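Numbering (our numbering), first residue to last: 89 to 351.
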Amino acid sequence: MGSGSRAMNVTHIGGPTTLIEVGGWRVLTDPTFDPPGGHYAFGWGTSSNKVAGPAVPATELGPLDLVLLTHDQHADNLDAAGRALLPTVPQVLTTRAAATRLGGGGARGLRPGATHVLESRGRELLEVTATPARHGPPMSRPIVGEVVGFLLRCAGTTVWITGDTVLHRRLRRAIRDVQVDVMIVHVGGVRFRQTGPVRYTLTGRRAVDLVRLAHPRIAVPVHYEGWTHFADGPAGLKRALDAAPDDVRARIQRLPSGVRTAL
89 MGSGSRAMNV THIGGPTTLI EVGGWRVLTD PTFDPPGGHY AFGWGTSSNK VAGPAVPATE
149 LGPLDLVLLT HDQHADNLDA AGRALLPTVP QVLTTRAAAT RLGGGGARGL RPGATHVLES
209 RGRELLEVTA TPARHGPPMS RPIVGEVVGF LLRCAGTTVW ITGDTVLHRR LRRAIRDVQV
269 DVMIVHVGGV RFRQTGPVRY TLTGRRAVDL VRLAHPRIAV PVHYEGWTHF ADGPAGLKRA
329 LDAAPDDVRA RIQRLPSGVR TAL
């Protein structure tokens, strides 16, 4: 646990989308607000159906200070309604490729390891560092595109949003010496028929491994339900939690959708 950490509030809106309130800042991750029922192409013949909508509509979010966008190329992390929201937010931090595609404005691209600091009168300093993410097996980046995670430090609290990633060596190195208070971990075990057994995000078992490695005070799993391409999904997460060591299982907290929760 970080030194002098304070309570923060997290609202899981659905999919990867969470509202984080800390140090006077209101930060939204990966905006996805389309209704259920849509069919979305992800490239190279892959696709998925959205089967659950957001627990909180974008119109009820209130003012936002920052969007953390792990990547823009897949609709389960940024959909049409999420794109419409971006121009209303003062700052967007994302990948360098996404910042270029979004046309600049409030979007700033960060490479893994780079840090951006936000300051505002009456609020705590907010430091955001991009963390490495690999959205698939080795050498998959030219196909699936660039992805990052984010490490937030504010008001004595450290929050890590993993982004869509598998567990890989560079990620292990990046988080090895970081004291994490709250970890928002993208799970789901994404798999497509066209690419066989290859996984593009953490399975429940690998998420447990990452929680064991990062040793956060609280780990919040997100992005494991609501879409048909989550091959591991809620059942896989449950199996992994049932088999996890007691100290790891005690750290993992699944949040009710749409409920503002103090952590």
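For every residue, glycine included, the Cβ atom is placed at its ideal position computed from N, Cα and C. In this text, all values refer to a predicted model and were calculated from it rather than measured experimentally.
Quick one: residues in its chain with C-beta nearer than 6 Å to the C-beta of residue i, no 5 flanking neighbours on either side, listed in chain order?
| i | result |
| --- | --- |
| V144 | I101 and G346 |
| G237 | T219, A221, I249, T250 and G251 |
| Q179 | L154 and G194 |
| L107 | T99 and L116 |
| P142 | I101, G102 and F121 |
| D334 | none |
| H239 | First, the residue type needs correcting, since residue 239 is Leu and not His in the sequence shown. Same-chain partners within the cutoff: T217, T219 and W248. |
| R114 | L152 and D153 |
| Q49 | Because residue 49 is not part of the residues shown, which for the chain are 89 to 351, the question remains open. |
Can you give me the C-alpha to C-alpha distance between residue i and residue j, rounded to a whole angstrom?
| i | j | result |
| --- | --- | --- |
| R279 | W315 | 11 Å |
| M271 | G103 | 15 Å |
| E207 | E109 | 15 Å |
| G112 | G133 | 43 Å |
| E234 | P226 | 13 Å |
| L190 | R184 | 10 Å |
| G125 | G210 | 42 Å |
| N165 | R258 | 22 Å |
| R287 | L174 | 29 Å |
| F318 | N137 | 10 Å |
| H127 | R281 | 16 Å |
| T283 | L255 | 19 Å |
| T105 | L149 | 12 Å |
| G131 | D320 | 21 Å |
| S91 | P285 | Because S91 sits at a pLDDT of 39, beneath the cut-off of 50, its placement in the model cannot be relied upon, and the following sentence gives the value as read from the coordinates. Their backbone Cα atoms lie some 42 Å apart in a straight line. |
| L351 | K326 | 22 Å |
| P322 | E215 | 32 Å |
With a Cβ-Cβ cutoff of 8 Å, do residue i and residue j count as a contact?
| i | j | result |
| --- | --- | --- |
| A262 | P220 | yes |
| A195 | T182 | yes |
| T117 | D167 | no |
| V177 | L156 | no |
| T203 | G197 | no |
| H223 | T245 | no |
| V232 | V273 | no |
| A163 | A146 | no |
Among the residues of its own chain, which have a CB less than 7 Å from the CB of residue i, if the five just before and after it don't count?
| i | result |
| --- | --- |
| V324 | Correcting the residue type first, residue 324 is Gly in the shown sequence and not Val. Excluding residues within five positions, the ones whose Cβ falls inside 7 Å are G277, T291 and G292. |
| L343 | V98, H100, V308 and T349 |
| V139 | P124, G314, W315 and T316 |
| S135 | H127, Y128 and A129 |
Leaving out five residues on either side along the sequence, give the residues of the same chain with a beta carbon under 8 Å from the beta carbon of residue i.
| i | result |
| --- | --- |
| L329 | G292, V296, R337 and I340 |
| L213 | G111, V205, L206, E207 and C242 |
| M89 | With a pLDDT of 33 at M89, under the threshold of 50, the modelled position of this residue cannot be trusted; read the value that follows with caution. Here the set comprises Q267, D269 and R305. |
Could you say which of the options lies nearest to residue i if we only look at CA atoms?
| i | options | result |
| --- | --- | --- |
| A186 | D153, R199, T246 and H159 | H159 |
| P200 | A319, R209, T217 and L152 | T217 |
| M96 | A140, V247, G141 and R258 | V247 |
| D265 | P123, A332, H317 and L301 | L301 |
| A332 | H223, R294 and L149 | R294 |
| H311 | T147, V275 and L255 | V275 |
| S228 | E215, T289 and L239 | T289 |
| R260 | G321, H303 and L240 | H303 |
Starting from residue i, trace the alpha helix (DSSP H) in both directions and tell me its first and last residue.
| i | result |
| --- | --- |
| G102 | It is not in any alpha helix (DSSP H) - G102 instead sits in the beta strand (DSSP E) that spans N97 to G102. |
| P322 | G321 to A331 |
| P230 | R229 to V232 |
| L301 | G292 to A302 |
| L343 | Per DSSP, L343 belongs to no alpha helix (DSSP H) and is neither H nor E. |
| T217 | Segment L214 to P220 is the beta strand (DSSP E) holding T217; no alpha helix (DSSP H) there. |
| T188 | R184 to R189 |
Which residues bound the beta strand (DSSP E) around residue i?
| i | result |
| --- | --- |
| L239 | V236 to C242 |
| I249 | T245 to I249 |
| R196 | A195 to G197 |
| L156 | L154 to L156 |
| L166 | Run containing L166: none; DSSP gives neither H nor E here. |
| A129 | H127 to G131 |
| V139 | No beta strand (DSSP E) contains V139, which DSSP labels as neither H nor E. |
Measuring only between beta-carbons, confirm whether residue i sits less than 8 Å from chain D.
| i | result |
| --- | --- |
| R348 | No chain D appears in the structure shown, which is made up of a single protein chain. |
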